[in-house]
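One structure is given here, and the rest of the page talks about it.
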Amino acid sequence: MILRELIQRAVDIASSRQDTSVTRLSLETAAEPMLPLVFSSVAVRLARAERTRTMLRRTKSLSVANGSATLTSDVLTSYISDANLRDATDKTKQYSLTQWDQLVTDQLDPRLGHFAVEGEATLRVVEPNTAYSPTSGPTITLLLTVPCVPAIPAIGAAVVATDEVVEELISELAAQLTPK
Amino acid sequence: MTVSYQQILHDTALRMNALVGSQVATLATTYDTASLTVANFKSADFPFNSFRDAILMAVGDYVLVIAATPNHPWQSRISSITVSPIANGTALSAELGVLSIRDTVDNTQLTEQPLEVVQRIVRETWRTYPLYYYKVSGGILYHTRAAVAVQSMLYNRTTELAQFAAGNMVLPDVLETAVMARAISLMVKNTQLEDKAGIYRKYSEEVIADIRAGYTSINPLPSAVPTIAPTAG
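Line by line, the protein sequences give chains L and U.
For the first sequence, the working numbering assigns the number 1 to the initial residue and increments by one for each residue that follows.
For the second sequence, the working numbering assigns the number 181 to the initial residue and increments by one for each residue that follows.
Have a look at this one:
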């Protein structure tokens, strides 16, 4: 479903719930500004339950430079514990999530690689059998699978999400357009 | 639109007793002249061009009524569609009213909204969901699309004046009698003419009332309408 159709369906539902004094035009005008709020609140709600959290998982290609990579703003870092990090070129490597303070101070299990979130959106990576170093680290491309907020596409592009998530988005947008 | 201005001129001049010929045969010859000129007119009260001007005034009066009557079917007769797409903030040429405004890309009709809403949408360049709004304010068209085509009602006396010698009137054919009647009612110079002109004016006002009511069927001219006899020249 393209984004324009998603908006039109939500506006149709919202206008059917309201009296004729609220015009469809006013709902259409208000719909697009609400999209970031709607996409975010649906993602947070679905992420709370483990069963529905899987619908939000996305695989992202991370460019790790000197042991550090920046997470995009759609990543739900509060659910990083549900993430999986791997090297597509070496399936024998496994990475374990750890706390940031443990990453920089502890003796890490050399059989595993390790990763931790530093601050708000920085991912730190330590390769197997190496210690953390703030000045030198791996420069490598890794794949991170993690729950994310669905991206808001261009108006004529498809919403990249399962049908269930799309229906949740329509329902939430219609609810936001309907006065309480 | 097949009634010529010359036909209305014939209608009007005959009833104003302004055509050359006191004998039937001569009068018939004059009336049958395809394109009347000053030489065909004998009226000392109303020169030839005053007939032309009265007819154009009458046409203008009916055009204004049609333009002011919401959704009147005859508005299409006085409408035109802009050829070049119109950008936001463009001044519109002299118009009697806008019939419709459409997006030139997908042909979606725009909806009138308050000016502040239209201007706010235009300023919010981050919007990608298409909104089709417009407002005409102070003769300037504001809209939220890249380019639109405007169907509007137009009347230009200069254009109709150029048509008068050999062209057709802009109004529907059924208004031929009404235009003639109103033109006659405008050509009043003394008390006697006022009485007779008033009869034609009454009929014209009834036609105007019918148009304002949205009708397109017009009652015929009453049979007992006199011919006005001005002083022969």
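All residues carry an ideal CB built from backbone N, CA and C; glycine is no exception.
Per DSSP, the bridge partner or partners of residue i
{"i": "Met-333/U", "result": "Ser-259/U, Gly-277/U"}
{"i": "Glu-118/L", "result": "Thr-122/L"}
{"i": "Lys-315/U", "result": "Tyr-322/U"}
{"i": "Glu-127/L", "result": "Answer is none; Glu-127/L lacks a bridge partner."}
{"i": "Pro-147/L", "result": "Arg-57/L"}
{"i": "Ala-69/L", "result": "Leu-123/L"}
{"i": "Ala-271/U", "result": "Ile-320/U"}
{"i": "Asn-348/U", "result": "Ser-184/U"}
{"i": "Val-328/U", "result": "Ile-266/U, Asp-283/U"}
{"i": "Arg-86/L", "result": "Leu-143/L"}
{"i": "Ile-2/L", "result": "Ala-158/L"}
Residue i, DSSP secondary structure in three states
{"i": "Gly-413/U", "result": "Residue confidence for Gly-413/U is low, a pLDDT of 49 falling below 50, so the modelled location carries little weight; the figure read from the coordinates is stated next. Coil, per DSSP."}
{"i": "Tyr-185/U", "result": "helix"}
{"i": "Gly-113/L", "result": "strand"}
{"i": "Pro-402/U", "result": "coil"}
{"i": "Asp-283/U", "result": "strand"}
{"i": "Ala-158/L", "result": "strand"}
{"i": "Ser-78/L", "result": "helix"}
{"i": "Thr-357/U", "result": "helix"}
{"i": "Asn-220/U", "result": "helix"}
{"i": "Val-302/U", "result": "helix"}
{"i": "Gln-102/L", "result": "helix"}
{"i": "Tyr-95/L", "result": "strand"}
{"i": "Arg-195/U", "result": "helix"}
{"i": "Arg-307/U", "result": "coil"}
{"i": "Val-368/U", "result": "coil"}
{"i": "Val-166/L", "result": "helix"}
{"i": "Ser-205/L", "result": "The first residue shown for chain L is 1 and the last is 180, placing residue 205/L beyond what the model contains."}
{"i": "Gln-289/U", "result": "strand"}
{"i": "Leu-35/L", "result": "helix"}
{"i": "Arg-17/L", "result": "coil"}
{"i": "Thr-396/U", "result": "coil"}
{"i": "Phe-226/U", "result": "coil"}
Interface flag, residue i vs chain U, CB-CB below 7 angstroms
{"i": "Ile-7/L", "result": "yes"}
Neighbourhood of residue i by C-beta distance below 8 angstroms, restricted to the same chain and skipping five residues each side
{"i": "Val-298/U", "result": "Tyr-313, Tyr-314, Lys-315, Tyr-322, His-323, Thr-324"}
{"i": "Ile-281/U", "result": "Gln-289, Leu-290, Tyr-314, Leu-321, His-323, Val-328, Ala-329, Val-330, Gln-331"}
{"i": "Phe-115/L", "result": "Leu-85, Tyr-95, Ser-96, Leu-97, Thr-98, Leu-103, Leu-123, Arg-124, Val-125, Val-126"}
{"i": "Ser-317/U", "result": "Leu-295"}
Within chain L, the residues that residue i reaches when beta carbons sit closer than 8 angstroms
{"i": "Gln-289/U", "result": "Neighbours of Gln-289/U on chain L: none; closest Cβ ~12 angstroms, over 8 angstroms."}
{"i": "Gln-293/U", "result": "Leu-25"}
Interface residues of chain U facing residue i [CB-CB closer than 9 angstroms]
{"i": "Ile-80/L", "result": "Here the premise fails: no neighbours, minimum Cβ distance about 30 angstroms."}
Within chain U, partners of residue i - CB distance below 7 angstroms
{"i": "Ala-154/L", "result": "Thr-308"}
{"i": "Arg-4/L", "result": "Tyr-309"}
Beta-carbon neighbours of residue i, restricted to chain L and to distances below 7 angstroms
{"i": "Leu-311/U", "result": "Glu-28, Thr-29"}
6 angstroms Cβ shell around residue i - same chain, five flanking residues per side excluded
{"i": "Ser-15/L", "result": "Arg-24, Leu-27"}
{"i": "Thr-59/L", "result": "Leu-143, Thr-145"}
{"i": "Ala-174/L", "result": "Ala-10, Ile-13, Ala-14"}
{"i": "Val-243/U", "result": "Ile-258, Tyr-335"}
{"i": "Phe-221/U", "result": "Ala-198, Phe-228"}
Residues near residue i by beta carbon distance below 7 angstroms, same chain, minus five either side
{"i": "Thr-139/L", "result": "Val-64, Ala-65, Asn-66"}
{"i": "Ser-61/L", "result": "Thr-141, Leu-143"}
{"i": "Pro-402/U", "result": "Tyr-383"}
{"i": "Ile-155/L", "result": "Leu-3, Arg-4"}
{"i": "Glu-292/U", "result": "Tyr-314, Lys-315"}
{"i": "Ser-41/L", "result": "Glu-172"}
{"i": "Ala-43/L", "result": "Leu-56, Leu-76, Val-149, Pro-150"}
{"i": "Thr-284/U", "result": "Pro-265, Ala-327, Val-328, Ala-329"}
{"i": "Gly-413/U", "result": "Residue placement at Gly-413/U is flagged as unreliable, the pLDDT there being 49, under the threshold of 50; the coordinate-derived value follows with that caveat. If we look at Gly-413/U and ignore the five residues flanking it on each side, its Cβ neighbours are Lys-222, Ser-223, Ala-224."}
{"i": "Val-263/U", "result": "none"}
Cross-chain neighbours of residue i in chain U, by beta carbon under 8 angstroms
{"i": "Glu-32/L", "result": "Arg-307, Thr-308, Tyr-309"}
Closer than 6 angstroms: residue i CB and nearest the ligand SAH heavy atom
{"i": "Lys-180/L", "result": "In terms of ligand content, the structure shown is empty, and the ligand SAH therefore cannot be addressed."}
Closer than 7 angstroms to chain A by CB, residue i
{"i": "Ile-235/U", "result": "Among the chains of the structure shown, chain A does not appear; the protein chains present are L and U."}
CB contact below 7 angstroms: residue i versus chain L
{"i": "Gln-187/U", "result": "no"}
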